[in-house]
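Using the working numbering, the first residue of the sequence shown is number 56, and each one after it goes up by one. First comes the structure, then the notes that go with it.
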Amino acid sequence: MSDKIATREAYGTALAELGEKYKNIVVMDADLSKSTYTCKFLEKFPDRFFNMGIAEANMAATAAGLASCNKIPFISTFAVFASGRAFDQIRNSIAYPELNVKIGATHAGITVGEDGGSHQSIEDIALMRSIPGMTVICPADGIETKAAVEASILHKGPVYLRLGRVAVPFVNKDTSDYKFEIGKAVKLADGNDVTIIATGLMVQEALEARELLYKDGISAGVINMHTIKPIDEQAIIDAATSTGRIVTAEEHSIIGGLSEAVAGVTSRYCPVPVAMVGIRDVFGRSGKPGELMKYYGLTSLDIVQSVKSII
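This is the structure in structure tokens:
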């Protein structure tokens, strides 16, 4: 196994593997199957795969119809199109009637890279978590992605899976001890001075920041908040109570994303300082993923700076 894999690739692999176990899965794609890796499902189950063309709204509405016939549709396209072009159909045709449709939204965030601001979805979490009854998951690595796909199959109701383009390191261990549960955060490290709550590829940055902080005598805990909605309120309350300070980290706008979800919990139950590492009310731009992470302040060094700002 490679030491890195893109969560979009892990998603496609998981669908192909789980298709044998769950016969009622069908997969739909907006003419991007080689990019979303749903082509892996197509190779194994051509009769259960539908290329809907560049018509995301129609794909979402068709998925609603299939779900009403006891199928479990996975619909896939880039996150900017899934959350934007198909919002009306996802809201009214899928979520409003509480249909069992899963949305595999790939190429999320600024690490889409050279495709630029028009294709870099930095508001999709905000859009999807605002829809009543929608579950929102942002896996940190390939292992978690596979587990999240199966958890989505077993979960009754609409699910939004946020997936990335670039290969990311494994932060979870593929062992019998590993357990993924929707709505339950994973504590990756304990700390006394501050808790870093991260999601998606920012979990790796948080772990690297923890090591840097340790060298400066600062003890930082790290929580992988893979489910943005329903948010694990108890994990946030426990972190706020035990360390008294929280830093959030997300490859998404701080408006409406993980940051505000966490701040909403602390403001209601346990007010503590919350520093936010994320994109600041601006669009993305074209560039290499690593360069963009630095430009928008999404590196481990930026997390370290935010931690020190509230200590």
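Glycine is no exception: its CB is placed at the ideal position from the N, C-alpha and C atoms.
Three or more C-beta pairs below 8 Å linking the stretch 339-354 and the stretch 309-326: no
For Thr-303, the residue or residues it bridges with in DSSP: Ile-252, Met-331
With 16 other Cβ atoms within 10 Å as the buried cut-off, status of Asp-245: exposed
Beta-carbon contacts of Gly-299 that lie in its chain and below 7 Å, excluding the five residues immediately before and after: Val-327
Beta bridge counterpart(s) of Ser-215 as assigned by DSSP: Here residue 215 turns out to be Tyr, not Ser, going by the sequence shown. According to DSSP, which records beta bridges pairwise, Tyr-215 is partnered with Ile-158, Val-191.
Best match in Phe-105, Gly-219, Leu-209, Val-302 for proximity to Asp-248 [C-alpha to C-alpha]: Val-302
Beta-carbon proximity check, Leu-97 vs Gly-159, cutoff 8 Å: no
C-alpha gap between Thr-166 and Arg-220, whole angstroms: 7 Å
Limits of the alpha helix (DSSP H) - the one that Gly-197 falls within: 197-209
Local Cβ density within 10 Å of Arg-63, reported as buried at 16 or more and exposed below that: buried
Of the listed residues Arg-146, Ser-297, Lys-59, Gly-67, nearest to Gly-188 (C-alpha basis): Arg-146
Assumed close pair Val-223, Asp-196 - CB separation to whole angstroms, cut-off 8 Å: 6 Å
Alpha helix (DSSP H) runs contained entirely in the stretch 90-116, provided each spans 4 or more residues: 94-99
Thr-282 classed as buried or exposed, judged by whether at least 16 other C-beta atoms fall within 10 angstroms: buried
Ala-61 versus Lys-201 - alpha carbon distance: 12 Å
Euclidean distance between Cα positions of Glu-260 and Thr-296: 24 Å
Ranges of the alpha helix (DSSP H) found wholly within the stretch 242-296, counting only runs of at least 4: 257-270
Collapsed DSSP secondary structure at Ile-60 in the structure displayed: strand
Which residues DSSP lists as bridging Ala-71, in chain order: Per DSSP, none; premise fails for Ala-71.
Opening and closing residue of the alpha helix (DSSP H) in which Thr-321 lies: 313-324
Pro-224 - DSSP class collapsed to helix/strand/coil: strand
Option in Ile-177, Met-107, Arg-323 with minimal Cα separation from His-162: Ile-177
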